[in-house]
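J.: This is the structure, below, for whatever I ask next.
Here's what the structure looks like:
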């Protein structure tokens, strides 16, 4: 079965520090997609990135970057020069496609607090 | 362009009652998925609807049922509510496909007393 593990339950840093959120996944599929979502206090999950299993290039988007390593089944997320607005719960998810339907398998989430 | 909308925002019910939650997908999307998120946990997949049919179901009892209408909007029904059903219920819409991005609504916070 598919599984996503986010071992860091909570992280607290001071503004402008860099922070990395870890994500480890398990799957028997050779083709799969990984996602990161942000959940602010309002509750709505906000899509951040999608990465397919054939593309191991690191991705950078502004202060955000992602490191995908198939060899260690990890898809880690780094925020550079963190800001208070980055405070949220972050979820890593793995896409599973069965019987013509897609479902996302989420990790437990990491609550990130950026202190001023 | 409106995103995914859900109603109501909050709901309080008592054990044994029944509840209906509603979701309107993002324009252009034909697939709706429902997730349950207990406090402090990640979302858990309930089921997905496409072409008015349930396509896949997670590990949830038959008390959880759904429906999708021709305009792609969807309902989640929960019968015989239990205290453990208290959670945030998230609706996500997408275009049918194995790895398409799912867009989430703001959720309905259900409290069962």
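Chains as they are written, first to last, in this note's numbering: chain A, 31 to 146; chain B, 176 to 288. Glycine included, every Cβ here is placed at the ideal spot set by N, Cα and C.
Starting from the Cα of residue 198 of chain B, find the closest Cα among B:278, B:250 and B:276 and give me that residue.
T.: As a working note, residue 198 of chain B is residue 23 in the second chain. It is B:250.
J.: Am I right that residue 241 of chain B and residue 220 of chain B are in contact with their C-beta atoms under 8 Å? What's the rounded C-beta distance?
T.: Within the second chain, the letter at position 66 stands for residue 241 of chain B. Within the second chain, the letter at position 45 stands for residue 220 of chain B. No, residue 241 of chain B and residue 220 of chain B are not in contact; Cβ-Cβ is about 12 Å, not under 8 Å.
J.: Write down every uninterrupted run of the beta strand (DSSP E) in the region 224 to 264 of chain B whose length is 3 residues or greater and which is fully enclosed by it, in chain order.
T.: 228 to 232, 239 to 243 and 249 to 253
J.: Under DSSP, the beta strand (DSSP E) around residue 54 of chain A begins and ends at which residues?
T.: Within the first chain, numbered from 1, the residue matching residue 54 of chain A stands at position 24. Its beta strand (DSSP E) spans residues 54 to 56.
J.: Measuring only the C-alpha atoms, how far is residue 280 of chain B from residue 181 of chain B?
T.: Locating residue 280 of chain B in the second chain gives position 105, counting from the first residue. Locating residue 181 of chain B in the second chain gives position 6, counting from the first residue. When rounded, the distance between both Cα atoms is 6 Å.
J.: Residues of the region 260 to 271 of chain B in Cβ contact with chain A at a cutoff of 9 Å, in chain order, please.
T.: 263, 265, 267, 269 and 271
J.: Rounded C-beta distance between residue 232 of chain B and residue 255 of chain B? I'm assuming under 8 Å.
T.: Taking the second chain and counting its residues from 1, the one referred to as residue 232 of chain B is at position 57. Taking the second chain and counting its residues from 1, the one referred to as residue 255 of chain B is at position 80. In fact, because the Cβ distance is near 18 Å, the residues do not count as touching under 8 Å.
J.: If you measure between the beta carbons of residue 204 of chain B and residue 248 of chain B, is that distance less than 7 Å?
T.: The residue given as residue 204 of chain B occupies position 29 in the second chain. The residue given as residue 248 of chain B occupies position 73 in the second chain. Contact flag unset, no.
J.: I need the DSSP call for residue 101 of chain A, collapsed to helix, strand or coil.
T.: Position 71 of the first chain, counted from the first residue, corresponds to residue 101 of chain A. Of the three classes helix, strand and coil, the one that applies to residue 101 of chain A here is helix, per DSSP.
J.: Could you give the distance in angstroms between the alpha-carbon of residue 213 of chain B and the alpha-carbon of residue 66 of chain A?
T.: The sequence position of residue 213 of chain B within the second chain is 38, counting from 1. The sequence position of residue 66 of chain A within the first chain is 36, counting from 1. Their Cα atoms are separated by approximately 19 Å.
J.: When burial is assigned at 16 or more other CB atoms within 10 Å of the CB, is residue 44 of chain A buried or exposed?
T.: Counting from one through the first chain, the residue named residue 44 of chain A turns up at place 14. Exposed, by the Cβ-count rule.
J.: What residue range does the beta strand (DSSP E) around residue 87 of chain A cover?
T.: Counting from one through the first chain, the residue named residue 87 of chain A turns up at place 57. Careful: residue 87 of chain A lies outside any beta strand (DSSP E) and carries neither H nor E.
J.: Here's the rule: buried if 16 or more other CB atoms are within 10 angstroms of the residue's CB, otherwise exposed. What is residue 105 of chain A?
T.: Locating residue 105 of chain A in the first chain gives position 75, counting from the first residue. Buried, since its Cβ has 16 or more Cβ neighbours within 10 Å.
J.: Which value, in whole angstroms, describes the spacing of the CA atoms of residue 235 of chain B and residue 36 of chain A?
T.: Numbered from its first residue, the second chain carries residue 235 of chain B at position 60. Numbered from its first residue, the first chain carries residue 36 of chain A at position 6. Cα to Cα, the separation comes out at about 23 Å.
J.: Would you decide whether residue 177 of chain B is buried or exposed? Buried here means 16 or more other CB atoms lie within 10 Å of its CB.
T.: For this step, residue 177 of chain B is matched to residue 2 along the second chain. By the C-beta density criterion, residue 177 of chain B is exposed, having fewer than 16 other C-beta atoms within 10 angstroms.
J.: Would you report the Cα separation of residue 140 of chain A and residue 192 of chain B, rounded to the nearest angstrom?
T.: Counting from one through the first chain, the residue named residue 140 of chain A turns up at place 110. Counting from one through the second chain, the residue named residue 192 of chain B turns up at place 17. Going by the C-alpha atoms only, they are around 34 Å apart.
J.: Quick one: does residue 250 of chain B have its CB under 7 Å from some CB of chain A?
T.: Walking along the second chain from the start, residue 250 of chain B turns up at place 75. No - not a single Cβ of chain A is within 7 Å of the one on residue 250 of chain B.
J.: Is there a C-beta anywhere in chain A that falls below 7 Å from the one on residue 197 of chain B?
T.: Along the second chain, read from residue 1 onward, the residue named residue 197 of chain B stands at position 22. Judged by the 7 Å Cβ criterion, residue 197 of chain B is not in contact with chain A.
J.: Kindly indicate which residue of B:201, B:188, B:211 and B:245 has the alpha-carbon position closest to the one of residue 282 of chain B.
T.: Along the second chain, one-based indexing puts residue 282 of chain B at 107. The shortest Cα separation from residue 282 of chain B among B:201, B:188, B:211 and B:245 belongs to B:211.
J.: Could you list which residues in chain A have their beta carbon closer than 8 Å to that of residue 276 of chain B, in chain order?
T.: Reading the second chain from its first residue, position 101 is the one you call residue 276 of chain B. Those within 8 Å of residue 276 of chain B in chain A are 65, 77 and 80.
J.: So what's residue 179 of chain B in DSSP terms, helix, strand or just coil?
T.: As a position in the second chain, residue 179 of chain B is number 4, starting the count at 1. The answer is coil: DSSP assigns residue 179 of chain B none of H, G, I, E or B.
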